[in-house]
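In this note's numbering, the protein residues as written are 8 to 304. Accompanying notes for the structure given below.
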């Protein structure tokens, strides 16, 4: 989540009001809510692109983290950065940094601050549900409710990647996105892929085509699952934007395989534990909201 940090003191605040009135400077950011004394401004909402309710909940969670002494260590933070690099196949930290700066309006420092905030929130909520467990009876009952958990639906994907480069200007990135969308329309509309692949627009964009193999839905991001889950074999997806470029996916095959007993037990246990964590986290958050002093301006 994006968050704008500021330091305000009473005298400085009064001074700025006087300057703005006298010289017509930019108006002071409007306060839209106060959560236990901490303010949320109009620009916080615009910058985060999140509803006020979500920002209030994040503010409460961060306040609780401070109160409980929950912090993300430098080692935990570094592990998170390395995992993001691994998942996105960045060759080094500099490639990661350039991807952030070219794919969003965030500075690298702002991205790191936002990431640390998210990790803190996750760690605090995780501590609220750390003693949860799933019983054998619950696993058996869940299986009888939905025997399909014994199955694993896998999908084989081909990817067309239009890569963005750190040195590319915003205009060039916009042109590349427009080109990717145009090519997606052509092949989704029944155009011959070999002909499209040989076109000047395809070649000039340095697009890369690769067969990615089979994936379980759990191995894919939510965005990719949303794009490909409804596609039939041979069909192409719409364009997906990521920090490394613009992607089009083709479903090349689908298959359903039976899970072993151990795999099934593990899968059911993970699902039930996730559901319990969500319930406990929501109950905990509702409780701290009841105890908080929240003013909506």
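Glycine residues also receive a C-beta, built at the ideal position from the N, C-alpha and C atoms. If you're wondering where the values come from, they're calculated on a predicted model, not measured in any experiment.
In the DSSP assignment, find the unbroken alpha helix (DSSP H) run with residue 97 in it and report its ends. According to the DSSP assignment, residue 97 belongs to no alpha helix (DSSP H), since it is labelled neither H nor E.
Restricting to Cα atoms, I'd like to know which of 264, 254 and 240 is closest to residue 246. Ranking the options by Cα distance to residue 246, first place goes to 254.
Nearest-angstrom beta carbon gap, residue 161 and residue 222 [assumed within contact, 8 Å]: That belief holds up - the Cβ atoms of residue 222 and residue 161 are roughly 6 Å apart, short of 8 Å.
Using the DSSP secondary-structure output, state which residues sit across from residue 162 in a beta bridge. BP columns for residue 162 point to 222 and 261.
Contact check, residue 266 vs residue 159, beta carbons under 8 Å: Cβ distance < 8 Å, so residue 266 and residue 159 count as in contact.
Measure the alpha-carbon distance for residue 208 versus residue 200 and round it to whole angstroms. In this structure, the CA atom of residue 208 is about 13 Å from the CA atom of residue 200.
How many angstroms separate the CA atom of residue 224 from the CA atom of residue 183? C-alpha separation (whole angstroms): 29 Å.
For the beta strand (DSSP E) holding residue 247, just list the boundary residues, first then last. Where residue 247 is concerned, the enclosing beta strand (DSSP E) stretches over 247–249.
Using only the heavy atoms of the ligand COA, determine whether one of them is closer than 7 Å to the beta carbon of residue 144. With respect to the ligand COA, the structure shown offers nothing to examine, as it has no ligands at all.
Cα-Cα separation, residue 126 to residue 291: Approximately 18 Å between the Cα atoms of the pair.
Just the C-alpha distance for residue 53 and residue 205, rounded to the nearest angstrom, thanks. Whole-angstrom Cα-Cα distance: 43 Å.
Could you please give the first and the last residue of the uninterrupted alpha helix (DSSP H) stretch that includes residue 273? Run containing residue 273: 268–298, per the alpha helix (DSSP H) assignment.
Below 8 Å between beta carbons: does that hold for residue 242 and residue 229? Cβ distance not < 8 Å, so residue 242 and residue 229 don't count as in contact.
Please state the DSSP three-state secondary structure of residue 48. For residue 48, the three-state secondary structure derived from DSSP is strand.
Rounded to whole angstroms, how far is the Cβ of residue 296 from the Cβ of residue 39, which I believe are closer than 8 Å? Not a contact, Cβ separation roughly 17 Å.
Indicate the three-state DSSP secondary structure (helix, strand or coil) for residue 132 in the structure shown. Residue state, collapsed to three classes: helix.
In three-state DSSP terms, what is residue 214? DSSP, reduced to helix, strand and coil, places residue 214 outside both helices and strands of the structure shown, so it counts as coil.
Test item: CB-CB of residue 131 and residue 71 under 8 Å: Less than 8 Å divides the Cβ of residue 131 from the Cβ of residue 71.
What's the call for residue 124, buried or exposed, on a 16-neighbour Cβ count within 10 Å? Counting Cβ neighbours within 10 Å, residue 124 comes out buried, since at least 16 surround it.
Alpha-carbon to alpha-carbon, residue 244 and residue 217: Between residue 217 and residue 244, the C-alpha separation is close to 15 Å.
Contacts around residue 213, its chain only, beta-carbon distance under 8 Å, and the 5 residues preceding and following it disregarded: Only 169 and 170 meet the Cβ criterion.
Consult DSSP for residue 154 and reduce its assignment to one of helix, strand or coil. Helix at residue 154.
For residue 238, which residues in the same chain have their Cβ closer than 6 Å to its Cβ, ignoring the five residues on either side in sequence? Here the set comprises 258.
Name the DSSP bridge partner or partners of residue 40? 47 and 303.
First through last residue of the alpha helix (DSSP H) which encompasses residue 200: Residue 200 -> alpha helix (DSSP H) spans 200–204.
Cα-Cα separation between residue 114 and residue 96, rounded to whole angstroms: Rounded to the nearest whole angstrom, the CA to CA distance from residue 114 to residue 96 is 21 Å.
According to the Cβ coordinates, are residue 69 and residue 51 closer than 8 Å? No, the Cβ-Cβ distance between residue 69 and residue 51 is not below 8 Å.
Excluding sequence positions up to five away, which residues of its chain have a Cβ less than 7 Å from the Cβ of residue 173? Within the same chain, residue 173 has close Cβ partners 105 and 109.
Check whether the stretch 74–91 and the stretch 144–156 are in contact - that is, three or more C-beta pairs closer than 8 Å. The stretch 74–91 is not in contact with the stretch 144–156.
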